[in-house]
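Asks: Shown below is the structure under consideration.
Residue numbers (our numbering): 804 to 1233.
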């Protein structure tokens, strides 16, 4: 897998910066044509379930197959039989290539957010800088018919103000939420058949896309006194003999202050534990005002104050505490000390703050399919492009970042994209 010409090497031959969602891809990918041809018949393997790759190359060891199930689930919320081989193969480079380390960003996840934001507002001689707005929810998309097709020309914010798009609107909402947003943007007083038809097509795509489970989270700030100096940052706690997708089987833990003490006051550790994509949203849905998720997140969250919600949080968080006790046996005592922080996140937290329909981690294969079939950046509505985990290449930060790159590239002229690629190559970044 790791050798030259192996699955892992071939999965990394085409950089996402060369991709786009239109015919211009023929120009931007042309420098990589020889590398693309090198992939050859492995292309089918890379887009198929990883179990097919294991079978083809004679990987029958029980433990190793269980380990790849774990790796696939950590990446996609699906086992190896339902996860495309490409992300699993690529991750093997990240984990096992010469000099590879399992790291954590200095400054925590906020440093990644700030880096993305700086890219938007950065001033360049040849490009207009952008603006990042916080607490600015989009209420509707501006839709109309243009040249016989549905067209999106901007957004209307929750406060009623309007932002017109110069080139297009890129939406990172999950497909199910995008469908609800589009439906809420229709003018039923003056219905337009072309617009209605495009919105119906998005709704059909959403209704046929399955989804993974949700998450439980435990965020802690605990005293670090007496903990070993060689405490690791990354941990996974699971029963290898159980189905990797079983509810609350896999708990993933990170202690980022092991690498970056500045993330907490001196003498303290930050701990994050979560169950990965195995929480059943049905256990929580009855607590929503309407008793079901219609894809629109309301401001009112009365369930937060209910005794039923608190009891369910405590019950579901217990698996996280038990897993953490395998790493820090006195974790509960530390969390009870003065000054400690304990925050529990639930599938409803995911739904509310991340605007995730049913709190889902992301897409799952449709009925009868081994692996997911994901849309590209283009949508049935001209001027509306999509990115995020419901788009190619899928779930996970690398995949989502790639989908955002593809959407941005699609709005830009191929010539501008090729100039940027050339600049990055001179800097050794491509």
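Just so you know, even glycine gets a beta-carbon here, dropped at the ideal spot from N, CA and C. Note that this is a predicted model, so its numbers are computed, not measured.
Per DSSP, what kind of secondary structure is residue 1213 in: helix, strand or coil?
Replies: Within the chain shown, numbered from 1, the residue matching residue 1213 stands at position 410. Residue 1213 falls in the helix class under three-state DSSP.
Asks: Spatial neighbours of residue 910 within its chain, please: C-beta separation below 8 angstroms, excluding the five flanking residues on both sides.
Replies: Counting from one through the chain shown, the residue named residue 910 turns up at place 107. Taken in chain order, the residues that qualify are 917, 1063, 1065, 1066.
Asks: Counting along the chain, where does the beta strand (DSSP E) carrying residue 1038 start and finish?
Replies: Here the question's residue 1038 lines up with position 235 in the chain shown. It spans 1037-1040 - the beta strand (DSSP E) in which residue 1038 sits, taken as one unbroken run.
Asks: Bridge partners for residue 1057 per DSSP, in chain order?
Replies: As a first step, residue 1057 is located in the chain shown; it is residue number 254 there, counting from the start. Answer by DSSP bridge pairing, in chain order: 1037, 1075.
Asks: Write down every uninterrupted run of the alpha helix (DSSP H) in the segment 1089-1157 whose length is 4 residues or greater and which is fully enclosed by it, in chain order.
Replies: Fully enclosed alpha helix (DSSP H) runs of 4 or longer: 1110-1128, 1134-1138, 1150-1157.
Asks: As an exercise, report each continuous alpha helix (DSSP H) stretch of at least 4 residues that is fully enclosed by the segment 929-1006, in chain order.
Replies: Runs of the alpha helix (DSSP H) inside the segment 929-1006: 978-986.
Asks: What residues in its chain sit with their C-beta under 6 angstroms from that of residue 838, if we drop five residues either side in the sequence?
Replies: Here residue 838 refers to the residue found at position 35 when the chain shown is read from its first residue. Contacts found: 816.
Asks: Which same chain residues end up closer than 6 angstroms to residue 920 when comparing Cβ atoms and leaving out the 5 residues on each side of it in sequence?
Replies: For the purposes of this step, residue 920 is identified with residue 117 of the chain shown, where counting begins at 1. Hits under 6 angstroms: 935.
Asks: Would you identify the three-state DSSP class for residue 1192, choosing helix, strand or coil?
Replies: Counted from its first residue, the chain shown places residue 1192 at position 389. Three-state result, residue 1192: coil.
Asks: Give the secondary structure of residue 914 by DSSP, where H, G and I count as helix, E and B as strand, and everything else as coil.
Replies: Translated into positions along the chain shown, residue 914 becomes position 111. Helix, per DSSP.
Asks: Quick check on residue 1206: does DSSP put it in helix, strand or coil?
Replies: The sequence position of residue 1206 within the chain shown is 403, counting from 1. It is helical.
Asks: Following the continuous beta strand (DSSP E) through residue 1025, name the residue where it begins and the one where it ends.
Replies: For the purposes of this step, residue 1025 is identified with residue 222 of the chain shown, where counting begins at 1. Taken as a continuous stretch (DSSP letters only), the beta strand (DSSP E) holding residue 1025 covers 1017-1026.
Asks: For residue 1187, which three-state DSSP category applies?
Replies: Within the chain shown, residue 1187 is the residue found at index 384, counting from 1. Strand at residue 1187.
Asks: For residue 882, count neighbouring C-beta atoms within 10 Å of its own C-beta (all shown protein chains included) and say buried if the count is 16 or more, exposed if not.
Replies: Reading the chain shown from its first residue, position 79 is the one you call residue 882. Looking at its Cβ environment, which holds 16 or more other Cβ atoms inside 10 Å, residue 882 is buried.
Asks: Closest to residue 1069 by C-alpha separation, out of 1112, 1025, 1105, would be which residue?
Replies: Taking the chain shown and counting its residues from 1, one reaches residue 1069 at position 266. Looking at the Cα atoms, 1025 is the closest of the given residues.
Asks: For the segment 1013-1031 and the segment 1124-1141, state whether three or more C-beta atom pairs, one from each stretch, are separated by less than 8 angstroms.
Replies: Yes, the segment 1013-1031 is in contact with the segment 1124-1141.
Asks: Report yes or no: do the segment 960-979 and the segment 1185-1193 share at least 3 C-beta pairs separated by less than 8 angstroms?
Replies: Counting Cβ pairs under 8 angstroms, three or more are found: they touch.
Asks: Taking buried to mean at least 16 other C-beta atoms within 10 Å of its own C-beta, is residue 1222 buried or exposed?
Replies: Taking the first residue of the chain shown as 1, we reach residue 1222 at position 419. By the 10 Å Cβ count, residue 1222 comes out exposed.
Asks: Would you call residue 1245 buried or exposed, if buried means 16 or more other Cβ atoms sit within 10 Å of its Cβ?
Replies: Residue 1245 is absent from the model: the chain starts at 804 and stops at 1233.
Asks: With a Cβ-Cβ cutoff of 8 angstroms, do residue 1139 and residue 1056 count as a contact?
Replies: By 1-based counting over the chain shown, the position of residue 1139 is 336. By 1-based counting over the chain shown, the position of residue 1056 is 253. Against a cut-off of 8 angstroms, the Cβ pair of residue 1056 and residue 1139 comes out as no contact.
Asks: Can you pull the DSSP bridge partners for residue 1181?
Replies: Mapped onto the chain shown, residue 1181 falls at position 378. Its beta-bridge partners are 1188.
Asks: Cα-Cα, which of 906, 1202, 1203, 1227 is closest to residue 1037?
Replies: Stepping through the chain shown from its first residue, residue 1037 is reached at position 234. The candidate whose alpha carbon is nearest that of residue 1037 is 906.
Asks: Return the Cβ separation of residue 768 and residue 979 in integer angstroms, given the expectation that the two are a contact with Cβ distance under 8 angstroms.
Replies: Residue 768 lies beyond the stretch modelled for the chain, which goes from 804 to 1233, so this question has no answer here.
Asks: Count the other CB atoms within 10 Å of the CB of residue 1082; is the residue buried (16 or more) or exposed (fewer)?
Replies: Translated into the one-based positions of the chain shown, residue 1082 becomes position 279. Buried, since its Cβ has 16 or more Cβ neighbours within 10 Å.
Asks: Rounded to whole angstroms, what's the CA-CA distance from residue 1044 to residue 1033? Just pull it up for me.
Replies: The residue you call residue 1044 lines up with position 241 of the chain shown. The residue you call residue 1033 lines up with position 230 of the chain shown. Going from the Cα of residue 1044 to the Cα of residue 1033 covers about 29 angstroms.
Asks: CB residue 1013 to CB residue 1168, shorter than 8 angstroms?
Replies: Translated into the one-based positions of the chain shown, residue 1013 becomes position 210. Translated into the one-based positions of the chain shown, residue 1168 becomes position 365. The answer is yes: Cβ separation under 8 angstroms.
Asks: Going by DSSP, what residues sit across from residue 1013 in a beta bridge?
Replies: The sequence position of residue 1013 within the chain shown is 210, counting from 1. In the DSSP output, where bridge partners are listed per residue, residue 1013 has 1167.
Asks: Could you tell me the alpha carbon to alpha carbon distance between residue 851 and residue 813, rounded to whole angstroms?
Replies: In the chain shown, the residue the question calls residue 851 occupies position 48. In the chain shown, the residue the question calls residue 813 occupies position 10. Cα-Cα distance, rounded: 14 angstroms.
Asks: Three or more C-beta pairs under 8 angstroms: does that hold for the segment 1202-1217 against the segment 821-830?
Replies: Yes, the segment 1202-1217 touches the segment 821-830.
Asks: Between the segment 941-958 and the segment 1156-1166, are three or more C-beta pairs nearer than 8 angstroms?
Replies: Because the criterion of three Cβ pairs below 8 angstroms is not met, the segment 941-958 and the segment 1156-1166 do not touch.
Asks: Can you tell me whether DSSP reads residue 1176 as helix, strand or coil?
Replies: Taking the chain shown and counting its residues from 1, the one referred to as residue 1176 is at position 373. In this structure, residue 1176 counts as coil in the three-state DSSP scheme.
Asks: Which of the three DSSP states, helix, strand or coil, is assigned to residue 1069?
Replies: Within the chain shown, numbered from 1, the residue matching residue 1069 stands at position 266. Here residue 1069 sits in coil by DSSP.
Asks: Can you tell me whether DSSP reads residue 1082 as helix, strand or coil?
Replies: Position 279 of the chain shown holds residue 1082. Correct three-state label for residue 1082: strand.
Asks: What are the uninterrupted segments assigned as beta strand (DSSP E) that are 3 or more residues long and contained completely in the segment 819-888, given in chain order?
Replies: Runs found: none.
Asks: Since residue 968 contacts residue 957 with CB under 8 angstroms, what's their CB separation in whole angstroms?
Replies: Sequence index remark: in the chain shown, residue 968 carries index 165 (1-based). Sequence index remark: in the chain shown, residue 957 carries index 154 (1-based). Yes, residue 968 and residue 957 are in contact; Cβ-Cβ is about 5 angstroms, under 8 angstroms.
Asks: Going by the beta-carbon positions, is the gap between residue 1193 and residue 1150 smaller than 8 angstroms?
Replies: In the chain shown, counting from the first residue as 1, residue 1193 sits at position 390. In the chain shown, counting from the first residue as 1, residue 1150 sits at position 347. Contact flag unset, no.
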